Each structure stands twice: as C-alpha cells, then as structure tokens.
Amino acid sequence: MRLVLLGPPGAGKGTQAKLLTAKCDAAHVSAGDLLRQAVADGSELGQTAKPIMAQGALVPDGVVIELIEKRLRRPDCAGGYILDGFPRTLRQAEALSEVLKLLHAPLDMVLSVEVSEDDLVRRLAGRRICRACGSMFHVDTKPPTRVGVCDNCGGPLLQRDDDKEDTIRHRLRVYREQTEPLIAYYNTMGLLRRIDGHGTIEEIAERIHQTVGDGQEQP
Ligand code: AMP
Numbered sequence: 016m017r018l019v020l021l022g023p024p025g026a027g028k029g030t031q032a033k034l035l036t037a038k039c040d041a042a043h044v045s046a047g048d049l050l051r052q053a054v055a056d057g058s059e060l061g062q063t064a065k066p067i068m069a070q071g072a073l074v075p076d077g078v079v080i081e082l083i084e085k086r087l088r089r090p091d092c093a094g095g096y097i098l099d100g101f102p103r104t105l106r107q108a109e110a111l112s113e114v115l116k117l118l119h120a121p122l123d124m125v126l127s128v129e130v131s132e133d134d135l136v137r138r139l140a141g142r143r144i145c146r147a148c149g150s151m152f153h154v155d156t157k158p159p160t161r162v163g164v165c166d167n168c169g170g171p172l173l174q175r176d177d178d179k180e181d182t183i184r185h186r187l188r189v190y191r192e193q194t195e196p197l198i199a200y201y202n203t204m205g206l207l208r209r210i211d212g213h214g215t216i217e218e219i220a221e222r223i224h225q226t227v228g229d230g231q232e233q234p
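Structure below.
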C-alpha cells in the first residue's frame, strides 16, 4: 500500500500514520521527522532547515524532495509506505508523481484528514513530546502521570518550538495557502478520500481503517 496522508498540522497525521503502518506492514515516512533528525545531527541540511522550521514556514522544495526521494528508494519502502507531511506544495506533489513514475509504483490512495481550526490550535498548543523516546502526550487529553516526565521512559517532556500559539497560526496559514490546493490535485487524479478528523484517536483510526480497507478491496 502506497499512501499519502494529507492534513493540517495537528490533524493527527503522525499518530495515525504510525497506527496504519503497523496494520499495513508499510514503512512510515515522515518529512517532519526526517528534517528534525537532520537538525539533531547538525548536518548542513539540518542547519538550513532549523530556523525555517522554528518559524513554522516550509523548508525549500528542493531540499525536502531530495530527502524524500532518497528515503523512498530505501529497501523498507519497497513493500509500501505511508507518506506523512509530504507533499506539502504542488511542486512537491508533481515531483513525487515523477519519481513514482520512474519507480513504476504509483500511489494507491491519498487520505485528507479534516479538522476545524479551533480544534487544531487546542491540540497543538497542549502537545508535549518526550525528548528521549518521542512519545506524545497532551496536557488535557493524554496527560503524563508526572507533569513533564515521560510515562514510557522517564525522559523530559518538551513543547516543540513550533507548537507555540503564534507559530501554530502561521503554520495553519501556510497549510491553507500551500498545501490545501493538493486536495483538488489528488481529487482530479481520483485518489482522494476525505476523513473526518474529529473525535478520539481510536475513532479516527477506525474511519481510516474502513476507508483503506474499502480501497484495498477495489479491483
Ligand atoms: P511536521 O512534523 O509535519 O508538522 O513538520 C514540521 C515542520 O517541518 C514544518 O512546519 C516545516 O517547517 C517542515 N516540513 C515538514 N514537512 C515539510 C515539507 N514537505 N516541505 C517543507 N517543509 C516541511
């Protein structure tokens, strides 16, 4: 299964991608994770990306396209993958189509996870992430047992720089202007399926599961 997960920041793409990856036995390819890793490694690419990400803007298309293309050519993607956070611009979507044409491996489906803006801000502003193991918590909906401490490994819980409210609003604007047009792009290609992104993680996962399952049954 080769699938793209589209949706605004805070729609739960990362969480749902991980759940779906486990179910479909596919690789999870997250553009944000690859970029954060490059920042943590201190590579040249990471140094370019760091200030851009902190502002909630998009890293230049060429940089991200190269990163993703390399990742999709790795052996674990041969059996399928869930693309999370890529493409985010029309140029990225067109580049992806070109790469997949060369690989003779077209996309099976594009899921658009849709959530209202107020919900998104609430979700993102309360999000906390373990610096050590990457586990996610939320101050209201999934609080850790001890404030600021990861339940899974005892590591420190931090708020991402780009999860501060001003930056969140900026990221949502960037999504509307640059990424939302991809919904029409993939709709025209007949690949788009819309998912109601409200409710609990389990409810959204079930909707996705139904949709992906239905898609797999088609001839
Ligand atoms: P995410 O973890 O998907 O919310 O991504 C975090 C940040 O990484 C974004 O706000 C962007 O600065 C950058 N980023 C992630 N994916 C892309 C992409 N496809 N194109 C450009 N920048 C990206």
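Letter by letter, the sequence shown follows residues 16 to 234 in our numbering. Beta carbons: idealized from backbone N, C-alpha and C, even for Gly. Given the structure is predicted, the values throughout are model-derived calculations rather than measurements.
Assumed close pair residue i, residue j - CB separation to whole angstroms, cut-off 8 Å
{"i": "residue 107", "j": "residue 67", "result": "Residue 107 to residue 67, Cβ: 15 Å. No contact."}
{"i": "residue 104", "j": "residue 193", "result": "5 Å"}
{"i": "residue 91", "j": "residue 42", "result": "5 Å"}
Proximity test, residue i beta-carbon vs the ligand AMP heavy atom, cut-off 7 Å
{"i": "residue 24", "result": "yes"}
{"i": "residue 62", "result": "no"}
{"i": "residue 77", "result": "no"}
{"i": "residue 68", "result": "yes"}
{"i": "residue 173", "result": "no"}
{"i": "residue 225", "result": "no"}
{"i": "residue 177", "result": "yes"}
{"i": "residue 110", "result": "no"}
{"i": "residue 27", "result": "no"}
Residue i classed as buried or exposed, judged by whether at least 16 other C-beta atoms fall within 10 angstroms
{"i": "residue 204", "result": "exposed"}
{"i": "residue 23", "result": "buried"}
{"i": "residue 25", "result": "buried"}
{"i": "residue 215", "result": "exposed"}
{"i": "residue 93", "result": "exposed"}
{"i": "residue 196", "result": "exposed"}
{"i": "residue 218", "result": "exposed"}
{"i": "residue 85", "result": "exposed"}
Beta-carbon contacts of residue i that lie in its chain and below 7 Å, excluding the five residues immediately before and after
{"i": "residue 234", "result": "Note on residue 234: pLDDT 39, under 50, position unreliable in the model; no value is reported."}
{"i": "residue 209", "result": "127, 129"}
Contact set for residue i: own chain, Cβ-Cβ below 8 Å, skip 5 residues either direction
{"i": "residue 232", "result": "Low local confidence applies: a pLDDT of 44 at residue 232 is under 50, so the model's placement there is unreliable, with the coordinate-based value given in what follows. Here the set comprises nothing."}
{"i": "residue 82", "result": "46, 49, 50, 53, 60"}
Sequence-distant residues of its chain with Cβ nearer than 6 Å to residue i (five each side left out)
{"i": "residue 36", "result": "43, 97"}
{"i": "residue 121", "result": "115"}
Problem set entry | Runs of beta strand (DSSP E) lying entirely within the region 156 to 230, each at least 3 residues, in chain order | Entirely contained in the region 156 to 230, the beta strand (DSSP E) runs reaching 3 residues are, in chain order, 207 to 211.
For this session: List in chain order: all unbroken beta strand (DSSP E) runs of 3+ residues lying wholly within the region 109 to 134.
Result: Runs of the beta strand (DSSP E) inside the region 109 to 134: 124 to 129.
Problem set entry | Any alpha helix (DSSP H) of 4 or more consecutive residues that is wholly inside the region 48 to 113 | Every alpha helix (DSSP H) stretch that sits fully inside the region 48 to 113 and reaches 4 residues is listed by chain position as 59 to 70, 76 to 87.
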